[in-house]
DNA sequence: TCTTCGATTGTCT
DNA sequence: GACAATCGAAGAA
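In the numbering used here, the protein residues as written are 1 to 196.
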């Protein structure tokens, strides 16, 4: 079942927690690639000094200002694409960065794109998973609640609170406190025991 | 195993 | 003109 819009209209932290264990699905060229979401980060509003919306609305971040459930995909470090899903109501800029997934379908497709890198390193980073699933700026703004965009999220496995670990966000050393230390990174350790 | 550092370009000041 | 929500190779230990 594809996750419905309501799921994404909650605050970014709730969406980030809720996405753990859900299935990220990419359909391209009649192939389906999918994996369980293992790691996310919440970016919450213009007041969050680590959020791209901290300086207001721009051409780059405008998708974040729309309603939740759409893909916000941006380019950084001159070579990497990042996948986020927009959270919250329309008008409030918030998003959840997908940092890591466990691939369970379309392994041949990923292997082709990521060789000779070992399997455990295929999708364990935000730029790695976009490369593995062929996610680029062309998908910026697609509706994650619709299968027609080629990128969407479905119900997956249940993750209990005991399986969730929270830490400070990664790669935002430029941000001042308290934002730098907010524990808005959500990680789960279900690498084994999950079958597609 | 750990740390350092180069790659490479869109976006904003 | 500065720098970024990163990766992975190379070198040190």
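Note that CB positions come from ideal geometry on N, CA and C, so glycine has one too.
Residue i versus residue j - alpha carbon distance
i	j	result
residue 123	residue 38	10 Å
residue 50	residue 57	14 Å
residue 7	residue 143	13 Å
residue 63	residue 119	32 Å
residue 98	residue 175	20 Å
residue 192	residue 160	Unreliable positioning characterises residue 192 in this predicted model, as indicated by a pLDDT of 44, which lies under 50. A coordinate reading is not provided.
From the options, residue whose alpha carbon lies closest to that of residue i
i	options	result
residue 44	93, 154, 58, 118	93
residue 156	5, 13, 18, 12	18
residue 162	187, 29, 140	187
residue 75	177, 5, 133, 137	137
residue 91	113, 103, 114, 67	67
residue 88	101, 160, 29, 70	70
residue 100	1, 10, 185	185
Range of the contiguous alpha helix (DSSP H) that encloses residue i
i	result
residue 18	12-19
residue 112	107-114
residue 83	It is not in any alpha helix (DSSP H) - residue 83 instead sits in the beta strand (DSSP E) that spans 80-86.
Whole-angstrom C-beta distance between residue j and residue i, which should lie under 8 Å
i	j	result
residue 32	residue 16	In fact, because the Cβ distance is near 25 Å, the residues do not count as touching under 8 Å.
residue 172	residue 180	6 Å
Boundaries (first-last residue) of the beta strand (DSSP E) holding residue i
i	result
residue 185	185-188
residue 32	31-44
Touching by the beta-carbon criterion (3+ pairs, under 8 Å), the stretch 145-156 and the stretch 15-32: yes
Contact between the stretch 107-121 and the stretch 76-85: three or more CB pairs below 8 Å? no
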